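When the letters of the sequence shown are read in order and numbered with the numbering used here, they come out as residues 2 to 640. Yeah, the Cβ is synthetic: ideal placement off N, Cα and C, and Gly gets one too. It should be emphasised that the depicted structure is a prediction, and the values quoted were computed from it without experimental measurement. Input: a single structure, listed below in C-alpha cells.
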Amino acid sequence: MSDFLKHECGVAAIRLLKPLSYFQDKYGSTLWAFNKLLILMEKQYNRGQDGAGIGCVKLNMPLGQPYLFRTRDASKDALTSIFNGQIKKLNKKVRRGLVNLKDAADIKNNFDYGGEILMGHLRYGTSGLFDEGSCHPYLRRTNWPTRTLMVLGNFNMTNTPELNQRMIERGQHPVFGTDTQTVLEEIGYHLDEAHTDLYRALRDSGMPGPEIPHAISSRLNIQEIIHNSAKQWDGGYAIMGAIGNGDYFCLRDPHGIRPCHYLITDEFIAVASERVPLMTVFEVESEQVQELPPANMLSIKADGTHAITEFTTPLKPAPCSFEKIYFSRGNDPIVYRERKALGTALTPQIVDSLEDRFDKSAITYIPNTAETAYYGLLEGLRVYRRKRVHAQLLEALRNGTLDENMLDSAILKRWPRGEKIAHKDIKMRTFITQEKSRAQLVSHVYDLTYGAVGPEDVLVAIDDSIVRGTTLRRSILRILGRTNPRKIVIASTAPQIRYPDCYGIDMSELGNFIAFQAAVSLIKQHGQARLLEEVYKACREELAKPKEERRNCVKAIYEGLTEAEISREITRLVTPHDAPCPVEVIFQTIENLHESIEGPCGDWYFTGDYPTPGGYTTVNVAYMRWFEGKGGRAYDLPL
C-alpha cells in the first residue's frame, strides 16, 4: 500500500490440554508453549507495530501463589523486548540453581509464563494513547480467581460512549479513553454478577468456605456471561480473554468483520487472527485450521472441556475485504488466489490504457503487498493477448493472408513484460513518524530501477489501494516519472475508497480520502456547492433519528457523478504539476471485487453500506466534522 495506513491488531493464544511435563517428555522443552506463542506472534507482526503484550494464567496454583501474569511494551521492538526480557529473567534463575529447565514443576512455580494459558496481542493503534498502558492485555484483578479477568482483542466499538453511559446508569465509574477498557469492565460486571449469585447460593446451602471457589469455578457459565455482556456492542471484534480460575473464551462479532481462526488437537488449542501462522507454527494443513463463525465463541473450561457455541444471533456476514486486499499475509492459500484474481480483474481497463500497444508497455507494482495482484494482472494480460493472437491467426488462415511475416508479427512481437521498478526501503519507516517529517522523507522510502523503461513505453504500476493519494502525489509518481515513460498508469486493486471505516482500520476522517476530495471538487466545478450544505443538514437530521433507522446521507455526494468522472478528477489531483508525462489512475469495480473475493465481502468503505447502525452514525458524523472544519475520528465522540 502506497499510503501509510495503520490497521487491525493481531491476537494469539495457546491453551495446553496436557500438563507441562507432557511437552517436556514429547518435545524436549517445558517452554514449548512459550516458544510457540513467540513464533505465532512473530508470524503476525504485520498486524501490530505500536506495541505488544502477553498474558498467562496458571491452573491449580497453591493458595498464596500468583496465578496470573501480564507483560506489555510499547517500544520499537516490543515483541523482542518482551520475550527476551522473560528469558533473561529465567536464565538468571537457572544460573543461580533456582530452576531446572527440565523440571516442569520448577518452570511452573518459578517462571511467570510457565502456565497452561498463554495469550498475546500485537497493537496497531487507531485510538487512545500510544504507550505501554494502552497495550493489551487489559487486566481486572481481585482476590477471587473467578472474578479476576484478562482481556485482549482486535476490535473497535462504534458506540463506546453509549456503553460507558450504560455503566454510569448502573452506578459504575468507567474510565474513559478506550473501548478496550469499556469491554473489560462490561464483561467484568457480568462476571461479578454471576460470581456473586453463585457464591451466595453456595454459602446459603451450607457449603464450607474453602470448597466454594472450586464449586464456583466449575459452575461458572462463560457463554451466559459473554451473551449478557455483548448485547449492546456495535462494532467489529475478535476478543479473547481468560478468567483467573482458568476459563478461557474467544469470540467473533455477529457479522464476522474481524478475522479469527483456531486449531484444536488433543494436546492444545491455538487461536490466531490469521490462518497461515497457525499452519506454519504447528505444521498442519489448511483444512485443519478452522475459521471461528460469526456470532460464535470458543470457550474452554478450566478442566479442558471446550465448545464452540453462538453467544448472540448471527447477522449477514460482512468480513472486512481489506483483509484480502492488504492486511492478511499473502501466503494464505485463499488470500493468494483472491489477490491474483483482483489483479486479473483489472485486465480490461489496462488493455484500454495500453491502446493495443503491448510491445510498448512495462508492468510493475508498488511494493510490497501488491506483488501478488501484479502476477494476476500479468497472467490476465497474457491470456488476453493469446486470445487476440489466436483470433488473428485463424482469421488470416481463413482469408489466405497467413504467411511468415504474419506469424512473426503475431507471435514474436514482445508480450507485456514485467519489471521491478520501485523498491521499498523498509528501514526508512523507522524515521517517518510525524506528518511533517513524513512529507520530507517519504520520497526516499522508494528506490528506483533505472534503464528498464523506454520513452515509448506505457508504465503500468499496480497498487493494492489508494486511500489518501498523498504518497502518489508526493513520491511515487515523481519517482516513476524519472524512468521517462510515455505515460504512467496507476491501477488500484481496490475500488474508490469513499467512506470512513469505524471497525478497526485507521480510515476515519472523510476529508482525507482522495475520492471524496475529487467528488467535492467536481461538485464545486459543476456549480452545485449548495449540495454540500444540504448533505450537512441531512446528516444532522439523521442523527436525531433512532440509531437503527439512520441511513448514509453522504451517498448524495457521489450520486450525480460517475466512477469514470471521479477517477479522472483523482488523476488530476494526484498528478504533480511538473509531471513529465500524462498520468491515468484506474480503480477496481465493486462487481469485480465481489467476484474476486471467495465468499461474503464487507465493502462499506466503497459502497457506504455499513453492517451495523454504528457505521451509519459514524459516516454522518464524519461528514459533519469535515464540513465544520474539524478533525478527529467520528466514532471517538459522544453520539
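* Counting only the same chain and skipping the five closest in sequence on each side, list residues whose C-beta sits under 6 Å from that of G609. => Y500, N553 and K556
* **Beta-carbon proximity of I351 to L395, cut-off 9 Å** => no
* To do: Counting only the same chain and skipping the five closest in sequence on each side, list residues whose C-beta sits under 7 Å from that of Y403.
  => It is Leu, not Tyr, that sits at residue 403 in the sequence shown. Within the same chain, L403 has close Cβ partners L394 and A397.
* Do G257 and P318 have their C-beta atoms closer together than 9 Å? -> yes
* What residue ranges within the region 273-332 form continuous alpha helix (DSSP H) runs of no fewer than 4 residues, ordered along the chain? -> Whole alpha helix (DSSP H) segments, 4+ residues: 276-283.
* Let me know the secondary structure DSSP gives R580 once reduced to three states. => Here residue 580 is Ala; the residue named in the question, Arg, does not match the sequence. Of the three classes helix, strand and coil, the one that applies to A580 here is coil, per DSSP.
* Per DSSP, L140 forms a beta bridge with which residues? -> M151
* **6 Å CB neighbourhood of A216 in its chain, flanking five on each side removed** => L203
* Asked: Based on Cα-Cα distance, which residue from I326, Y263 and V285 lies nearest to S300?
  -> Y263
* the region 517-529 contacting the region 562-570, beta-carbon criterion three pairs below 8 Å -> yes
* **Q224 - DSSP class collapsed to helix/strand/coil** => In this structure, DSSP gives Q224 a helical state, which the three-state scheme calls helix.
* Run through DSSP, which three-state label would T365 get? -> Looking at T365 - three-state DSSP - the assignment turns out to be strand.
* Just the C-alpha distance for E592 and Y238, rounded to the nearest angstrom, thanks. => 27 Å
* Secondary structure of M62, DSSP reduced to three states -> coil
* Asked: Hey, how far is the Cα of T431 from the Cα of A453?
  -> Any answer about T431 is weak, because its pLDDT of 43 lies below 50 and its placement is not dependable; what the coordinates show is given next. Near 29 Å, if we compare the C-alpha coordinates of A453 and T431.
* Under 8 Å Cβ to Cβ from K103, same chain only, skipping five residues before and after it: list those, please. => Q25 and T31
* Asked: Taking Cβ to Cβ, would you say V12 is nearer than 9 Å to V272?
  -> yes
* Asked: Taking the alpha helix (DSSP H) that D26 falls in, what are its first and last residues?
  -> Annotation: the continuous alpha helix (DSSP H) that includes D26 extends over L21 to Y28.
* Nearest-angstrom Cα separation, counted from M625 out to E212 -> 58 Å
* Runs of beta strand (DSSP E) wholly within the region 48-108 (minimum 3 residues, chain order) -> 52-58 and 69-74
* Asked: Once you ignore the five residues that flank M62 on each side, which residues in its own chain have a CB closer than 6 Å to its CB?
  -> Y68
* Return the chain-ordered list of same chain residues with a C-beta closer than 7 Å to the C-beta of G616, the five sequence neighbours on each side being excluded. => T159, C503 and W605
* Asked: Helix, strand or coil for Y238 per DSSP?
  -> strand
* Asked: Would a C-beta distance cut-off of 9 Å place P334 and S287 closer than the cut-off?
  -> yes
* **Residues near C10 by beta carbon distance below 7 Å, same chain, minus five either side** => R48, G49, H122, L123, R124, Y125 and N155
* S329 versus E275: straight-line alpha-carbon distance, rounded -> 7 Å
* **Residue nearest to K27 in terms of C-alpha spacing, selected from M241, E268, L533 and G344** => E268
* To do: Taking G344 as part of the alpha helix (DSSP H), name the residues at either end of that continuous run.
  => Its alpha helix (DSSP H) spans residues P334 to A346.
* **Candidates P209, M208, R171 and A346, of which the one nearest H191 by Cα** => R171
* **From G115, G245, D51 and L279, residue whose alpha carbon lies closest to that of N144** => G245
* Asked: Hey, how far is the Cα of D448 from the Cα of P349?
  -> Those two C-alpha atoms are separated by around 29 Å.
* Asked: Just the Cα atoms here: how many angstroms apart are E186 and R96?
  -> 41 Å
* To do: Measure the C-alpha to C-alpha separation of Q166 and R141 and round it to an integer number of angstroms.
  => In a straight line, the C-alpha of Q166 is about 20 Å away from that of R141.
* Asked: Does DSSP put R430 in a helix, a strand or coil?
  -> Because the pLDDT at R430 is just 48, under 50, the model does not fix this residue reliably, and the point stays unresolved.
* Can you tell me whether H196 is buried or exposed, with buried defined as 16 or more other CB within 10 angstroms of its CB? -> buried
* **Within 9 Å, strictly: CB atoms of T80 and A106** => It is Leu, not Thr, that sits at residue 80 in the sequence shown. No, these two residues do not count as a Cβ contact at 9 Å.
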